[in-house]
Amino acid sequence: MAAKSIISRPVYGTLSPQPGKHHLFVADAEGALAISDLAAKAPSGFFADAHIIFIPGHDGKHVAALEALKPAQFYQGPTFASALPRLKQTLANAHMGLRLYLAGTEGLIGQAMQVALEAGIDHTSIQTEHRGSLARRIQCVHCKGITENVTTQPATCSHCGLLLLVRDHYSRRLAAFQGVCINAEDRSEIPPTEEIFR
Amino acid sequence: MSTGTTKLDVVVSDVVPANELVTRFHFRRRDGQLLPTFSGGAHVVVEMRDGERTRLNPYSLMGSPLDTREYTISVRRDDVGRGGSLFMHSNVRPGMEMVISYPVNLFSLDLRARKHLMLAGGIGITPFMAQTAQLAAQGGNFELHYTCRTASLGTYADVLRERYDRRVRLYHDDRDERIELDRLLSSQPLGTHLYVCGPSGMIGWVCDRAAALGWPTETVHFEHFAAPQPGAPFDVTLAVSGKMIRVDEQQSLLEAIEAAGVDPPYLCRGGVCGQCETNVVAHDGKFIHNDHWLSEEEHRSCKKIMPCVSRFEGRSLVLER
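These protein sequence lines map, in sequence, to chains A and B. Going by the working numbering, the letters in the first sequence line up with residues 1 to 198, in that order. Going by the working numbering, the letters in the second sequence line up with residues 1001 to 1321, in that order.
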């Protein structure tokens, strides 16, 4: 569970069944476990109006468990990018009464929320639960490039190569944490690298 | 008179009957300047000097926020009310000098919404007059559903239909026309916000159905000014100012506190804004909470009261005022 630091740093809750006409789930890897936990608390018939979009982790686990919930629709894709057209299309056709549940890594939650905000859902109306990796999606403030799956502090920008301090400063619009050059005064100064976002 | 409520010296520039129950009042500044800007959904508190008594009633501004040469309000005559609306109908004439508060908005549009779905009941139409004007000027997407008892009591229904055509849907009780609420709420595109103003029963019904059908609370907006209910007179000790006061049957606790020369802060005088929240020092008796501000837990705790609309029955009440 991510610790609270500055106000822009997202905090996540625990998924719980909401009143609604349709329930859209987007999850990756161990986020499936959050859906299973919700299912244990959900009224019977809850998943008859549910749509699950799932991106399994490298181990490929949890697909059978989610299918066993018998959602009205189930989609499995290799990456978030592959699921994106489906997510956008679903939201574009949705009506009020659709509830959104996001579970898994911060990168998945952030990117799905970014699409939901564009579709007009308030971020406070979205159920979220963080499960699995703490790896971050960061934006380099210098070249604006996005680097995915950052686990170290500092981290190297995959676009411009600057060494970046990974801040807790987060942008919902970009779905990314902010990375700022850590050695702008003296580029020969290389602080030790630690793996802290596992 | 009260902190947070700056006053405007105005003159009544016109008084226009809208139908058998509703009259419209126009105000302009006495110094000829423009009035302060406001946004759709804002209200002003009108001071009524009724002999010895000062009445302070909130009314929604119904004119276009784009025109601040004048403010307009519409007052529905309530023959069994506490007398504010009757005073407006019987005593207020063009040319009369009055004092009103700066506008305050406790029912504003959420302009992030993709669409605004508005539900009005009766005189609850007034804030929507301003909100629709504001949205129409910005090319905003809205739809107004307006219920009234009869066509002749559908205040401004003709104006709204003329201005916005099919974006306005009317329902007449005497023709058994009812809003198909569940169907209406379930057919709205994602990103719609809901606004409701009308009788408390209607507000409760709409909010309950919206919650059950999966509308997040952030997307549901309502305004209900609870007019202070009359009740048995009671005595109150004001601990800070060291005064003993009596609240008459037709008077609100806030009005009685003000009549004793103590000025608590206020904005809405209808139990929604939270400004006049008052701590209870001691009590022996029962609170009659009528506000929409304090939580149920706070109501049960007997440690706070909203003097604008709530009352007390019992032996003694000491307030931190």
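A virtual CB, placed ideally from N, CA and C, is assigned to each residue, including glycine.
Flag this pair as yes or no: are the beta carbons of residue i and residue j separated by less than 8 Å?
{"i": "A119 (chain A)", "j": "L1190 (chain B)", "result": "yes"}
{"i": "V1280 (chain B)", "j": "W1293 (chain B)", "result": "no"}
{"i": "I55 (chain A)", "j": "F25 (chain A)", "result": "no"}
{"i": "G179 (chain A)", "j": "Q127 (chain A)", "result": "no"}
{"i": "V1012 (chain B)", "j": "R1077 (chain B)", "result": "no"}
{"i": "Y1156 (chain B)", "j": "A1018 (chain B)", "result": "yes"}
{"i": "W1215 (chain B)", "j": "L1185 (chain B)", "result": "yes"}
{"i": "Y1071 (chain B)", "j": "T1006 (chain B)", "result": "no"}
{"i": "Y101 (chain A)", "j": "L15 (chain A)", "result": "yes"}
{"i": "A72 (chain A)", "j": "H51 (chain A)", "result": "yes"}
{"i": "V1080 (chain B)", "j": "Y1059 (chain B)", "result": "no"}
{"i": "I190 (chain A)", "j": "L164 (chain A)", "result": "no"}
{"i": "R1321 (chain B)", "j": "V1240 (chain B)", "result": "yes"}
{"i": "P17 (chain A)", "j": "L38 (chain A)", "result": "yes"}
{"i": "P1228 (chain B)", "j": "E1249 (chain B)", "result": "no"}
{"i": "F1312 (chain B)", "j": "G1274 (chain B)", "result": "no"}
{"i": "K1243 (chain B)", "j": "A1259 (chain B)", "result": "no"}
{"i": "L1325 (chain B)", "j": "L1319 (chain B)", "result": "This structure does not reach residue 1325 (chain B), given that chain B is present from 1001 up to 1321, and the question cannot be answered."}
{"i": "H22 (chain A)", "j": "L98 (chain A)", "result": "yes"}
{"i": "M1062 (chain B)", "j": "M1129 (chain B)", "result": "yes"}
{"i": "R1269 (chain B)", "j": "L1035 (chain B)", "result": "no"}
Please name the residue in the options whose C-alpha comes closest to that of residue i.
{"i": "Q1134 (chain B)", "options": "B:A1120, B:R1163, B:A1151, B:I1123", "result": "B:R1163"}
{"i": "R172 (chain A)", "options": "A:I109, A:A135, A:R198", "result": "A:I109"}
{"i": "L1346 (chain B)", "options": "B:G1242, B:F1222, B:Q1250", "result": "Lying before the first or after the last residue shown, residue 1346 (chain B) is absent from chain B, which here runs from 1001 to 1321."}
{"i": "H1193 (chain B)", "options": "A:L100, A:H22, A:S125", "result": "A:S125"}
{"i": "C1197 (chain B)", "options": "B:Q1131, B:S1301, B:D1174, B:F1087", "result": "B:Q1131"}
{"i": "T1332 (chain B)", "options": "A:S16, A:D122, A:H22, A:N183", "result": "Coverage of chain B is limited to positions 1001 through 1321, which leaves residue 1332 (chain B) absent and any answer about it impossible."}
{"i": "D1176 (chain B)", "options": "B:A1151, B:E1020, B:R1315", "result": "B:A1151"}
{"i": "I1125 (chain B)", "options": "B:G1083, B:I1073, B:W1205, B:V1240", "result": "B:I1073"}
{"i": "K1115 (chain B)", "options": "B:E1297, B:A1136, B:K1286", "result": "B:A1136"}
{"i": "D1174 (chain B)", "options": "B:C1148, B:D1165, B:R1166", "result": "B:C1148"}
{"i": "T193 (chain A)", "options": "A:A155, A:A175, A:C181, A:D168", "result": "A:A155"}
{"i": "A29 (chain A)", "options": "A:V63, A:A116, A:C157, A:L84", "result": "A:V63"}
{"i": "G1032 (chain B)", "options": "B:T1068, B:V1262, B:T1237, B:A1256", "result": "B:T1068"}
{"i": "G13 (chain A)", "options": "A:Q111, A:R131, A:G97", "result": "A:R131"}
{"i": "N183 (chain A)", "options": "A:H142, A:E195, A:A116, A:V115", "result": "A:H142"}
{"i": "H159 (chain A)", "options": "A:K144, A:T151, A:L91", "result": "A:K144"}
{"i": "G57 (chain A)", "options": "A:A27, A:D49, A:C157", "result": "A:A27"}
{"i": "P1065 (chain B)", "options": "B:V1104, B:S1090, B:R1300, B:L1086", "result": "B:V1104"}
Looking at the strands, I want to know which residues DSSP matches up with residue i.
{"i": "P1189 (chain B)", "result": "A:H95"}
{"i": "V1280 (chain B)", "result": "B:L1319"}
{"i": "I180 (chain A)", "result": "Note on residue identity: the sequence assigns Val, not Ile, to residue 180 (chain A). A:L165, per the DSSP bridge assignment."}
{"i": "H51 (chain A)", "result": "A:L24, A:Q73"}
{"i": "G1285 (chain B)", "result": "B:G1314"}
{"i": "K1115 (chain B)", "result": "B:T1192"}
{"i": "E129 (chain A)", "result": "A:A103"}
{"i": "H1172 (chain B)", "result": "B:C1148"}
{"i": "Y1059 (chain B)", "result": "B:V1044"}
{"i": "A34 (chain A)", "result": "DSSP, once it has assigned bridges, lists no residue as partnering A34 (chain A)."}
{"i": "T156 (chain A)", "result": "A:L163"}
{"i": "E1097 (chain B)", "result": "B:V1011"}
{"i": "H1221 (chain B)", "result": "B:Y1195"}
{"i": "M1244 (chain B)", "result": "B:T1237"}
{"i": "T1072 (chain B)", "result": "B:H1026"}
{"i": "C140 (chain A)", "result": "A:G179"}
{"i": "V1159 (chain B)", "result": "Answer is none; V1159 (chain B) lacks a bridge partner."}
{"i": "A1137 (chain B)", "result": "None; A1137 (chain B) has no bridge partner."}
Which whole-angstrom value describes the C-beta separation of residue i and residue j, a residue pair presumed to lie in contact below a C-beta threshold of 8 Å?
{"i": "Y1195 (chain B)", "j": "L1119 (chain B)", "result": "7 Å"}
{"i": "V1075 (chain B)", "j": "T1023 (chain B)", "result": "6 Å"}
{"i": "I1179 (chain B)", "j": "H1145 (chain B)", "result": "6 Å"}
{"i": "R136 (chain A)", "j": "V166 (chain A)", "result": "6 Å"}
{"i": "H1283 (chain B)", "j": "C1302 (chain B)", "result": "6 Å"}
{"i": "A103 (chain A)", "j": "G31 (chain A)", "result": "3 Å"}
{"i": "S1200 (chain B)", "j": "S1108 (chain B)", "result": "Rounded, the Cβ-Cβ distance is 21 Å, inconsistent with contact."}
{"i": "R1030 (chain B)", "j": "D1009 (chain B)", "result": "5 Å"}
{"i": "S1316 (chain B)", "j": "I1288 (chain B)", "result": "Contact flag wrong, Cβ pair sits at about 16 Å."}
{"i": "R86 (chain A)", "j": "L134 (chain A)", "result": "With a Cβ gap of about 27 Å, R86 (chain A) and L134 (chain A) do not count as contacting."}
{"i": "Y214 (chain A)", "j": "A68 (chain A)", "result": "Beyond the ends of chain A as shown, which are 1 and 198, falls residue 214 (chain A); an answer cannot be given."}
{"i": "R1246 (chain B)", "j": "P1233 (chain B)", "result": "6 Å"}
{"i": "I146 (chain A)", "j": "A176 (chain A)", "result": "6 Å"}
Query raised in the report: Just by C-beta distance, which residues in the region 1202-1227 of chain B are closer than 9 Å to chain A?
Result: Within the region 1202-1227 of chain B, the residues whose Cβ lies closer than 9 Å to some Cβ of chain A are A1210, A1211, A1212, L1213, G1214, W1215, P1216, T1217, E1218, T1219, listed in chain order.
Query - Residues from the region 160-186 of chain A in contact with chain B, defined by Cβ distance under 7 Å - result: Hits within the stretch: zero.
Report task. Could you list the residues in the region 80-100 of chain A with a C-beta less than 7 Å from some C-beta on chain B, going in chain order? Result -> Result list: L91, A94, H95, M96, G97, L98, R99.
Query raised in the report: Between the region 1172-1191 of chain B and chain A, which residues of the former have a C-beta closer than 8 Å to a C-beta of the latter?
Result: Here the close residues are L1185, S1186, S1187, Q1188, P1189, L1190, G1191.
Report task. Scan the region 116-130 of chain A for residues whose Cβ lies nearer than 7 Å to a Cβ of chain B and list them as they occur along the chain. Result -> If the cut-off is 7 Å between Cβ atoms, the region 116-130 of chain A has A119, G120, I121, D122, T124, S125 near chain B.
Query raised in the report: Between the region 18-51 of chain A and chain B, which residues of the former have a C-beta closer than 7 Å to a C-beta of the latter?
Result: Those residues of the region 18-51 of chain A that come within reach of chain B (Cβ to Cβ, closer than 7 Å) are Q18, P19, G20, K21.
Query raised in the report: If you measure beta-carbon to beta-carbon, which residues of the region 1096-1114 of chain B are closer than 8 Å to chain A?
Result: Residues of the region 1096-1114 of chain B that bring their beta carbon within less than 8 Å of a beta carbon in chain A comprise R1112, A1113, R1114, in sequence order.
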